[in-house]
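Report on one structure; see the data block that follows.
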Amino acid sequence: MGRLNRIASALFLIVLALAFAIDFFLYLNRELIAGVSYLREPLLVALVISSIPLWNRSRFVVNKDVFIKLKGLYFGVALIYGAYLLSFGGLAFRALFTLSSAILLAGMLLILRDLVFFKRRKTSSRNFNFLLIFLGLEVVLANLNGNGYSEGVNSQPLKFAHEFVLYILIVLMVLNALRNSWINYLNKRQKIHCLWMGAPLLVGAILFQVEIAQNSFLKEYSISLAALIDKAGLFLAIYLGMSFLSLILHLPTAGIFDRKIREIESLHDLSRTLSSVFDSKKIAPVITSKAAAIIRPDALWLTLAPPGPGDLKVVSAENLDEAEIKHLQLHAANGVNNWILDNKSSLLINEAAKDPRCKDFLGSAKKLGSLLAVPLISQNRVLGVLYSGKADPFAYDEDERELLQAFANQAAIALENARMFEELLVKERLEQELKIAQDAQRKLLPKVMPNVAGFQIDAICITANEVGGDYYDFFKLNDNRLAITVGDVSGKGAKAAFYMAELKGIIESVAGMYSSPKDIVVHINKTLYGNLEPQFFISLIYAVLDVKKKELTLARAGHCPLLYYAKKKNTAQFVEPTGLGLGLEYGEKFDGILCEQTIQLACGDVLVFYTDGLVEARSAEQKEFDAERLREFVANHSSLNASDLKEALVKEVSDFIGREKAHDDLTCVVIKAT
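Following the working numbering, the residues of the sequence shown are numbered contiguously, the last one being 1942.
Shown next as structure tokens:
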């Protein structure tokens, strides 16, 4: 693209040189070639207009930087003055100056157009286009009046039209010169720089308009180009003059604009920084440092509420020593703090010494004349308060209150996000730990059902949460005897699972030591008693199945009764020997209440061990599945094998619950004599 621009520039300069040579010849021989001389004026204007595409590719027009465009105007004015010095060299140089000045001013009009269009409105393009139209009319009318076209006819209408167009053109110049909004977006340093740049540029434009543009040799060469140079130079002077005046008027408020820019940048920086920080402890120093950078206080500190109940605590501060921070901690429940907690709005105190709410803030080491306090609010809850203090009274205004509140709003969002993120991490970590516990608990349950001649056995354990306190197991005591145990730790969750694992270990260690289920349960109670927390106990049913005799002996420590279906009698009944839960009593009282019971089994008989999560399962109407429904279901489905009966029972309970979440663990063991 750069190479093409250079080639186009070179071609234009060649064409310009040829055109100038031809035109200069015509200029010198106007009387000799009278018919052609009348075509010079429009051809010269067309030559100037043809330079516009070349100017549109120049860096002064392409680049949107204001300072580049001002340098372009400098460049154009400097070239015009340089060419003017050469014009003293003779007629040819004067002619060349006229043509080159018109071309340079055409380029400067494009630069001025970009300045006018900065932050354009709908009227900007319209007004500038009207300016160009009336500038063209001015050139045409000046040519008609200057070349004597009005001789022999009434010239008054033509002169009136010329004056009218000139008046409208000047009005349009002023309207377009008022479009200098680019000044509003310069900071103080840039405004001063533009002022120093603009002063000599304005002087140069005025001198050009007064001294050079009115020179008679311009009209001698071309009336059209002279009119174009005169009016384009006038617009340049008017625009630079209005811009220079606007710059002077904007200087007193330049500092305010700079502060607003810093505030916006600081808010953006704060938002960007806080969005990448998810540690609430790291967010607090960021908030205070960013706020102090823009507010520039004598003291600034942030107080936050603890996760639970308690007073606000200073978590970060700027321009405060340890003694002052300690003093603030001791007076956390001050009047300003209480006012903000009650009203949930910011507070501006410009005479802190006279306000009783401020008396407890800082000790004598830090005197405050003004205080600004804004709350950090999330979901209508005050997370904390951001304080900013200055030594002088009336040091804050409403803009600073709004700014600090904007900081606090951003900070509240960041703090809430950080806390939610931390809670999410804790939740994920807990879920991971529970998953590990669930896997460990699953490994404690039997992986395969025992294979016992003459009996079908199947079992299932469904926890209400990730882990639970239900337990079942089988132990082969010898070739003819199988121990069956089902337990339920009170409560749910990780602690219940821990006690369940402890129970399994105890049973495994004592199962082979005693032949009587009662003796084993007594031993288990002695081991557990004192090791369980007061709010926990364990219900247990321990039974021994004699395969050879087809006989079941059981002891029940406060557990759900055994459901026994006798095929010959076609009856289902609950076997419920007395007993207390493990860990509730110790010694003779527990031993005295605990009893054993033996059941003689026959082919087709069914035994169902279960936990209370089965019979206490609740429907959407909060009705329990209950023991009677269980008894009837087993009696009606006793013809099924053990596995099918277990599956049918679980489905029956699941259908009964529906979409309701199970509130307790569910365990059942089904044994059928064959």
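Glycine included, every Cβ here is placed at the ideal spot set by N, Cα and C.
_Closest by C-alpha distance to Arg1447, when choosing among Phe1428, Phe1503, Ser1492_ = Per the Cα distances, Phe1503.
_Euclidean distance between Cα positions of Ser1369 and Gly1404_ = If I take the Cα positions, the gap works out to 17 Å.
_Taking the straight line between their C-alpha atoms, what separation do you get for Gly1466 and Trp1569?_
Gly1466 and Trp1569: Cα-Cα distance of roughly 46 Å.
*Opposite Leu1513 in the DSSP bridges: which residues?*
Leu1513 has no beta-bridge partner at all, per DSSP.
*What does DSSP give as the partner residues of Glu1586 in its beta bridges?*
DSSP output for Glu1586 lists Leu1568 as bridge partner(s).
*Could you have a look at Lys1635 and say whether DSSP puts it in helix, strand or coil?*
Under the three-state reduction of DSSP output, Lys1635 falls in the coil class, being neither helix nor strand.
*Which residue comes first and which comes last in the beta strand (DSSP E) that contains Thr1935?*
For Thr1935, the enclosing beta strand (DSSP E) starts and ends at 1934-1941.
*Any idea which residues DSSP pairs Val1754 with across the strands?*
Looking at the DSSP output, Val1754 bridges to Tyr1740, Ile1809.
*With distances taken between CB atoms, is the gap from Gly1881 to Asp1932 smaller than 8 Å?*
Judged by beta-carbon spacing, Asp1932 lies within the 8 Å limit of Gly1881, meaning their Cβ atoms are closer than that value.
*Below 8 Å on the Cβ atoms is my guess for Ile1925 versus Arg1886; work out the distance and round it to an integer in Å.*
Arg1886 and Ile1925 do touch by the CB rule: their CB atoms are close to 7 Å apart, below 8 Å.
*Based on the DSSP output, what are the partners of Arg1327 in its beta bridges?*
Looking at the DSSP output, Arg1327 sits in no beta bridge, so it has no partner there.
*asked:* So for Glu1419, helix, strand or coil by DSSP?
replied: Model confidence at Glu1419 stands at a pLDDT of 47, short of 50, so the residue's coordinates are unreliable and nothing is read from them.
*Residue interval of the alpha helix (DSSP H) (run including Ile1451)*: DSSP places Ile1451 outside any alpha helix (DSSP H), giving it a letter other than H or E.
*Per-residue burial, Ser1632 [other beta carbons within 10 Å of its own, 16 or more giving buried]*: Because the pLDDT of Ser1632 is 45, which lies under 50, any placement of that residue in the model is unreliable, and the number read from its coordinates should be weighed accordingly. Its Cβ having fewer than 16 others within 10 Å, Ser1632 is exposed.
*Determine the direct distance from the alpha carbon of Glu1819 to that of Leu1869, and round the result to whole angstroms.*
In this model, Leu1869 and Glu1819 are separated by some 6 Å (Cα to Cα).
*Rounded to whole angstroms, what's the CA-CA distance from Leu1908 to Arg1710? Just pull it up for me.*
Between Leu1908 and Arg1710, the C-alpha separation is close to 27 Å.
*beta strand (DSSP E) segment containing Glu1864, residue limits*: 1864-1868 is the extent of the beta strand (DSSP E) around Glu1864.
*Kindly indicate which residue of Val1653, Met1781, Asp1756, Lys1891 has the alpha-carbon position closest to the one of Leu1615.*
Measuring from the Cα of Leu1615, the nearest candidate turns out to be Val1653.
_Lys1558 versus Leu1671, Leu1572, Leu1580, Ile1451, residue with shortest Cα-Cα distance_ = Ranked by Cα distance from Lys1558, the options Leu1671, Leu1572, Leu1580, Ile1451 are led by Leu1671.
*asked:* Under 8 Å: do the segment 1740-1757 and the segment 1710-1720 share three or more Cβ pairs, one atom per stretch?
replied: Put simply, the segment 1740-1757 touches the segment 1710-1720. At least three CB pairs are less than 8 Å apart.
*For Cys1462, which of helix, strand or coil comes out of DSSP?*
Helix at Cys1462.
*asked:* Assuming Arg1824 and Ile1809 are in contact, meaning their beta carbons sit under 8 Å apart, how far apart are those beta carbons, in whole angstroms?
replied: Arg1824 to Ile1809, Cβ: 5 Å. Contact.
_Residues that Phe1398 bridges to, as DSSP identifies them_ = DSSP lists no partner for Phe1398.
*Nearest candidate by alpha-carbon position, reference Asp1814, set Pro1802, Gln1841, Ala1751*: Per the Cα distances, Ala1751.
*At which residues does the beta strand (DSSP E) containing Gly1657 begin and terminate?*
1649-1658 is the extent of the beta strand (DSSP E) around Gly1657.
*asked:* With distance defined between alpha-carbon atoms, name the residue in Leu1636, Tyr1664, Gly1509 nearest to Glu1592.
replied: Among Leu1636, Tyr1664, Gly1509, the Cα nearest to that of Glu1592 belongs to Leu1636.
_Extent of the continuous alpha helix (DSSP H) run through Arg1897_ = In this chain, the alpha helix (DSSP H) harbouring Arg1897 covers 1895-1904.
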